[in-house]
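Quick note, the sequence shown lines up with residues 2 to 131 if you use the numbering used here. The beta carbon of each residue, even a glycine, is placed where N, CA and C say it ideally should be. Because the structure is a prediction, the values reported are computed rather than measured.
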Amino acid sequence: MTKQKTLILGLAAALTGCSTQPKNFFTANLENVCSHAIRVTAVDYSNAKKAFTPNQEIAAGEAVEILSYISFSEGLESSIPNTYRLDIKAHEQTISLDKQLLIAQLKNSPSTHTSKNATTWTIRDSSLCP
Numbered sequence: 002m003t004k005q006k007t008l009i010l011g012l013a014a015a016l017t018g019c020s021t022q023p024k025n026f027f028t029a030n031l032e033n034v035c036s037h038a039i040r041v042t043a044v045d046y047s048n049a050k051k052a053f054t055p056n057q058e059i060a061a062g063e064a065v066e067i068l069s070y071i072s073f074s075e076g077l078e079s080s081i082p083n084t085y086r087l088d089i090k091a092h093e094q095t096i097s098l099d100k101q102l103l104i105a106q107l108k109n110s111p112s113t114h115t116s117k118n119a120t121t122w123t124i125r126d127s128s129l130c131p
């Protein structure tokens with residue numbers, strides 16, 4: 002009987018530990034620092050929100066959320082799918098960022114921590130003006 006109680010308590014503790022694993026929240030915004038409007042499309046931009054509306058027009062000085070992921074991993078790179086892509090269009094030109102180029106942008110962008118497990122970046126880069 003004691004072995005059964007120990008096994009049940011151990012199993013309950015293990016299950017409780019799994020269910021309380023902290024979630025991490027990663028979000029990123031793109032601020033349009035161009036002198037003109039841009040059109041933005043983010044493919045696979047979130048695992049918790051509805052799909053990104055393609056070709057959103059963003060006026061100069063405005064911003065749009067381009068990444069929103071909830072993850073059990075603390076690492077940003079393992080939290081973003083390999084299929085992520087950001088397209089920025091204007092004047093019949095397109096600049097595309099895949100997962101690796103986005104991560105490079107985030108590493109060079111300011112971030113804020115709204116809580117222990119939530120990080121938000123804001124990309125402000127004139128080299129992304131088509």
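Assignment of glutamine 94 by DSSP, reduced to helix, strand and coil, places it in the strand class. Apart from the 5 residues on each side of it in sequence, alanine 61 sits with its Cβ closer than 8 Å to the Cβ of Asn33, Val34, Cys35, Ser36, His37, Ala38 in its chain, given in chain order. The Cβ-Cβ distance between valine 65 and valine 44 does not fall below 7 Å. Between phenylalanine 53 and glutamine 101, the alpha-carbon positions lie close to 20 Å from each other. With respect to glutamine 94, proline 131 sits close: the two C-beta atoms are nearer than 7 Å. An exposed status is given to phenylalanine 73, since fewer than 16 other beta-carbon atoms sit within 10 Å of its beta-carbon. By alpha-carbon distance to proline 82, the top candidate from His92, Leu103, Lys90, Ile96 is Leu103.
Using a 10 angstroms sphere on the CB of threonine 28, the tally of other CB atoms reaches 16 or more, which defines it as buried.
Glutamate 75 is positioned such that its CB atom lies no closer than 7 Å to that of asparagine 30. For leucine 103, the enclosing alpha helix (DSSP H) stretches over residues 100-108. Note on glutamine 22: under 16 other CB atoms within 10 angstroms of its CB, so exposed under the neighbour-count rule. Taking C-alpha positions only, serine 112 is separated from lysine 51 by approximately 24 Å.
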